[in-house]
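Read through the structure below, which is laid out as structure tokens, and then see the notes.
Residue numbers (the working numbering): -11 to 507.
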């Protein structure tokens, strides 16, 4: 029997991503110009993108139900079909502008069909991924695909016209739907109602993070329309627009390996430097009109922007593995496209009030980045933590007596030792670190016990990952936090004040331990 070929690691995902980016980067930057060429109206451009974001927002939750029923691979392939139909309607719109309406609807359907399965597959591959390097790999394939696309697209338009461009793009987009059938990751989950999905969206629990996603959409909405139109109206060349985009992307491509390592080391703190530099970049465009200056400013943007978007993606994937992934990515897509929707509304009202005012447009781009900047200063949203049951061979479990201070919750209560999961850590990594920090103990391994979520009296939501491990009967147990550390037996619990819920966790850990003893 012939063994079915499959890609190793996330290579199937990366190949699919490359083909999609190459095929669509030939087209994407020129779409606003094509609409303007056909309609001679800026309001048509803005209306097109406004409808696009609206369709995406409406279709995001229903797409999740389809992924549940049919799996991520089939939905991704249908997304490629929808994107191809979108290109066919763009060709038809060359003779009848009303075809822009079905075109944008199919594009809007394609977006959640593509990116929701993609993100779910990435975080579903391996919970121990180094997400800075992983985000860099994804960005790496994005850049390879996107580098040649714009310059090739500009050449095809200039030499053969838009219709030839759309047909060329269609071939690569259809091919992008195939590699996912040959990887190891077919993401499925039990069917879930739209009501349940809506109730479990984590936007309220992580407001600062989703404000950052909203800002990313806001920036994308401004930048994706303003910059290509501005450059084309100044220079009047599709080749020039495509060339400066491709060359700038190539420059940033060379920095990807470095930024992946930095993102793993410093995380979202990089945003404190990279976002202000990007804000200055967009404000400086107010004063630039020569071809060389436009090239330099776009090159500078691409070089600096990867220090924004890789830490941004890293933060996104790290948070995803610490929460409900499906609901998280649905919230992410809704937040991003809500931001883009608001950006288009602002441009529509701005165009009506001020006319075609480029300085104001560039100021909008710069200010939208402030929403992302705040992520560089953000602390943990809500509380994500770990608890560890360290069990002696006699069945007693280590418990910590909390400090008797009024500024902590449940002071003077006994609890399992543990602590917060920091951004960039997996729950298991946090468990190793917390035992070293709290009792000076080096654990060899952990067994997962359970995960619990509850709301503290102060109103904060807690998501807690509980592990257990055997005590090696040799290392000294120190008390580096709290009042005291003791190995407690089951009969000791009734004599002490126990942190709510920890008596049940004690019993569950003891049951798991006894199972291993019997075996």
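Where is the CB? At the ideal position from N, CA and C, for every residue including glycine.
Per the DSSP calculation, residue 453 is bridged to which residue(s)? 374, 439
Does DSSP put residue 300 in a helix, in a strand, or in coil? helix
Examine the Cβ distances between the stretch 54 to 66 and the stretch 136 to 148 and report whether three or more of them are shorter than 8 Å. no
Opposite residue 102 in the DSSP bridges: which residues? Its beta-bridge partners do not exist; DSSP assigns none.
Three-state class that DSSP yields for residue 487 in the structure shown: coil
With H, G and I counted as helix, E and B as strand and the rest as coil, what does DSSP make of residue 403? strand
Can you pull the DSSP bridge partners for residue 426? According to DSSP, which records beta bridges pairwise, residue 426 is partnered with nothing at all.
So is residue 159 buried or exposed if we call it buried at 16+ other beta carbons inside 10 Å? exposed
Please report the distance separating the alpha-carbon of residue 204 from that of residue 321. 11 Å
Inter-residue Cα distance where the pair is residue 326 and residue 280: 35 Å
To which residues of the same chain is residue 455 closer than 8 Å at the C-beta, ignoring the five residues directly before and after it? 374, 375, 376, 377, 415, 416, 419, 434, 435, 436, 437
If the criterion is Cβ atoms closer than 7 Å, does the pair residue 138 and residue 13 meet it? yes
So, helix, strand or coil for residue 417, using DSSP? helix
Per DSSP, cross-strand counterpart(s) of residue 475: 386
What's the gap between the Cα of residue 403 and the Cα of residue 104? 39 Å
Simplified DSSP assignment, three categories, for residue 458: strand
Assigned secondary structure, residue 408 (DSSP; H/G/I helix, E/B strand, else coil): strand
Buried or exposed: where does residue 324 fall if 16 or more other Cβ atoms within 10 Å of its Cβ makes it buried? buried
Taking residue 423 as the reference, give the member of 40, 464, 504, 401 with the closest Cα. 464
Using a Cβ-Cβ cutoff of less than 6 Å, which residues in the same chain neighbour residue 99 once the five nearest sequence positions on both sides are dropped? 44
Are the beta-carbon atoms belonging to residue 165 and residue 52 less than 7 Å from one another? no
By Cβ distance below 6 Å, which residues in the same chain neighbour residue 265 in space, the five residues on each side in sequence not counted? 292
Verify whether the separation of the beta carbon atoms of residue 408 and residue 399 is less than 7 Å. no
Just to confirm the assignment, what range does the alpha helix (DSSP H) spanning residue 433 have? Where residue 433 is concerned, there is no enclosing alpha helix (DSSP H), given that its DSSP letter is neither H nor E.
Can you tell me the Cα-Cα spacing of residue 472 and residue 57, whole angstroms? 51 Å
Would residue 236 and residue 290 qualify as a contact pair, given that the criterion is a beta-carbon distance under 7 Å? yes
What is the DSSP secondary structure of residue 496, counted as helix, strand or coil? helix
Taking a contact to mean a Cβ-Cβ separation below 7 Å, would you say residue 96 touches residue 40 in this structure? yes
Span of the alpha helix (DSSP H), counted from its first residue to its last, around residue 158: 150 to 164
Identify, in the order they occur along the chain, each residue of the same chain with its Cβ nearer than 6 Å to the Cβ of residue 87, setting aside the five sequence neighbours on each side. 77, 80, 81
State the DSSP-derived secondary structure class of residue 223, mapped to helix, strand or coil. helix
Does DSSP classify residue 465 as helix, strand or coil? coil
If you reduce the DSSP assignment to three classes, tell me which class residue 277 lands in. coil
Measure how close the beta-carbons of residue 206 and residue 337 come, nearest whole angstrom, since I'm counting them as under 8 Å. Contact flag wrong, Cβ pair sits at about 14 Å.
For residue 276 and residue 222, what's the separation of their Cα atoms in angstroms? 10 Å
Cβ-Cβ separation, residue 157 to residue 11 (assumed contact under 8 Å), whole Å: 5 Å
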